[in-house]
Each structure stands twice: as C-alpha cells, then as structure tokens.
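The working numbering puts the sequence shown at residues 763 to 980. Inspection log for the structure reproduced underneath, given as structure tokens.
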Amino acid sequence: MEIQEQTVNPMPRIGDAAPDFEAMTTFGPIKFSEYGKGKWVILFSHPADFTPVCTTELSGFAQNKATFDALNTELIGLSIDSIHSHLAWVNNVREKTGVEFNFPIIADLDMKVAKLYGMLQPNESETAAVRAVFFIDPEKKIRLIMYYPLNVGRNMDEIIRVLEALQTSDKHKVAMPLNWKKGEKVIVPPPKTVEEMEQRLQDTSCERIDFYLCKKEL
Ligand code: BEZ
763 MEIQEQTVNP
773 MPRIGDAAPD
783 FEAMTTFGPI
793 KFSEYGKGKW
803 VILFSHPADF
813 TPVCTTELSG
823 FAQNKATFDA
833 LNTELIGLSI
843 DSIHSHLAWV
853 NNVREKTGVE
863 FNFPIIADLD
873 MKVAKLYGML
883 QPNESETAAV
893 RAVFFIDPEK
903 KIRLIMYYPL
913 NVGRNMDEII
923 RVLEALQTSD
933 KHKVAMPLNW
943 KKGEKVIVPP
953 PKTVEEMEQR
963 LQDTSCERID
973 FYLCKKEL
C-alpha cells in the first residue's frame with residue numbers, strides 16, 4: 763500500500779531556520795548549530811554507504827573541498843548507517859580510489875536527523891534517506907533545498923553554481939537569470955513603484971529589455 767503522508771515533522775522549507783540537533787559523525791560528536799559557525803553549511807544525505815552512486819557523489823564533494831573552502835562553506839554528509847559502516851566505507855574508498863572523505867558524515871541510525879530534515883520520503887524508500895542537499899547560510903537559515911531520488915546522482919557543477927548564485931545575490935542585492943554562471947550578467951531587481959519605474963526607463967547603466975527586465979555586469 764502506498765504511504766501517503768510523512769508521520770514525522772513537517773519538512774523544512776526555504777527561509778526556515780535550520781533545525782538544530784546533536785549527532786555522532788565520523789569526525790566526532792557535533793551540535794549542528796555550532797558546526798561551521800559564521801560560514802555557509804551544506805548538509806547532504808545519501809541513501810547508503812557502500813553503494814555505487816553514493817560513492818561517486820561523496821567522492822565529488824571530497825574532490826571539490828577546496829572550492830567549498832574558498833566559498834566559505836563547510837560540508838557535512840548523512841546517512842542512516844552506523845559509524846562503523848561509515849568508517850569502513852571511508853577506509854575502503856580511500857584504499858580503492860585514493861579519495862579521502864574530508865568532511866564529517868553523520869551516523870543517523872535512529873533517523874532523528876533524516877526525519878527532522880524531511881530526508882525520509884517513504885514513497886521513495888522507507889529505509890534510506892533520499893539524496894537531499896540543504897544550503898544553509900551563516901545566519902543558519904535554509905536558503906535552497908534539493909531532493910533527488912535514489913537512482914539519480916546529483917550534479918556537482920549545479921551545487922557549486924547555486925551556492926555561488928546565492929552568495930552573489932546576497933552580496934550585490936541582485937537576482938540570477940536562467941542558467942546563470944559566475945561572471946555572467948545578473949538581474950537588477952525590478953522597480954516597485956511608478957516613480958522607480960520611470961527612473962528605470964531612463965537608466966542607461968543597465969542592459970534594459972523593459973523596466974522590469976534589466977541586466978548588468980557586476
Ligand atoms: C547507489 O548509491 O548506487 C544507490 C543507493 C541506494 C539505492 C540505489 C542506488
């Protein structure tokens with residue numbers, strides 16, 4: 763029988779404060795609100811250790827650690843596996859591929875964190891977390907959420923692209939158009955009053971299609 767509803771907490775949404783929790787990780791115990799203080803945090807779940815797609819994904823996060831460091835961002839993984847399983851997998855991937863999982867991985871055996879973050883989506887799997895990615899800003903607010911099913915790996919370029927987009931948007935008070943990539947023109951926020959609209963129609967500092975659609979270089 764299909765499971766219609768989650769019997770757990772409501773799923774966190776964009777704009778919500780990131781729910782706090784304490785957990786055991788491969789780097790020791792953490793209190794999430796203390797993790798990566800003053801930085802962006804990417805919390806991501808994978809369905810299970812020792813599975814092929816997850817191995818490629820966590821290797822991708824590890825191989826891009828320097829990029830995340832440069833973007834003032836800490837990584838933290840999670841699955842509903844034990845610490846022993848995590849450690850065995852970390853060791854196995856290091857031995858077989860030379861890739862070091864250089865970020866903590868939460869052992870969420872009681873599913874406490876997975877339920878708190880809506881990572882358990884029972885119509886996809888009752889026993890494994892889906893592939894979730896939570897982008898959490900330095901004020902501990904959830905800014906972007908991705909959910910992928912078990913059979914499709916995430917896209918590291920897209921994860922980095924949206925992180926850069928969020929940070930650039932915050933810094934310059936602009937928005938990002940379709941397929942925006944770092945270095946490309948950004949959207950100037952549209953006017954909110956008739957007066958601002960008239961000003962925008964005279965504005966020569968941006969590339970204007972009309973008053974509501976203007977782009978500029980940063
Ligand atoms: C994988 O990572 O390959 C995987 C994990 C859980 C279900 C299906 C695939």
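Ideal placement from N, C-alpha and C gives every residue a C-beta, glycine not left out. Being a predicted model, the structure only gives us computed values, none of them experimental.
Nearest to residue 972 by CA position, among 979, 962, 875 and 978, is which residue?
962
Sheet register partners of residue 791 (DSSP bridge)
786
Can you tell me which of the three DSSP states residue 822 falls into?
helix
Is the stretch 898 to 917 touching the stretch 863 to 877 in the sense that three or more CB pairs, one from each, lie closer than 8 Å?
no
Any idea if residue 776 is buried or exposed, counting beta-carbon neighbours within 10 angstroms, 16 or more meaning buried?
exposed
Give me, in chain order, the residues of the same chain whose beta-carbon lies closer than 8 Å to that of residue 892; leave out the 5 immediate sequence neighbours on both sides.
807, 809, 881, 882, 883, 886, 909, 910, 911 and 912
Indicate, with yes or no, if ligand 1 has a heavy atom lying under 7 Å from the CB of residue 900.
no
Might you give, ordered along the chain, the residues of its own chain that have their beta carbon closer than 7 Å to the beta carbon of residue 817, omitting 5 neighbours on each side?
855
Compute the beta-carbon to beta-carbon distance between residue 878 and residue 783, rounded to the nearest angstrom, for a pair I have assumed lies under 8 Å.
6 Å
From this set, 948, 928 and 920, which residue's C-alpha is nearest residue 903's C-alpha?
928
For residue 868, the nearest candidate out of 860, 852, 773 and 936 (CA to CA)
852
Going straight from the alpha carbon of residue 936 to that of residue 848, what length do you get?
41 Å
Verify the contact flag: residue 758, CB atom, against every heavy atom of ligand 1, threshold strictly below 7 Å.
Limits of the chain in this structure are 763 at one end and 980 at the other, which puts residue 758 out of reach.
What are the partner residues of residue 996, as DSSP defines its beta bridges?
This structure cannot settle anything about residue 996, because the visible part of the chain is limited to 763 through 980.
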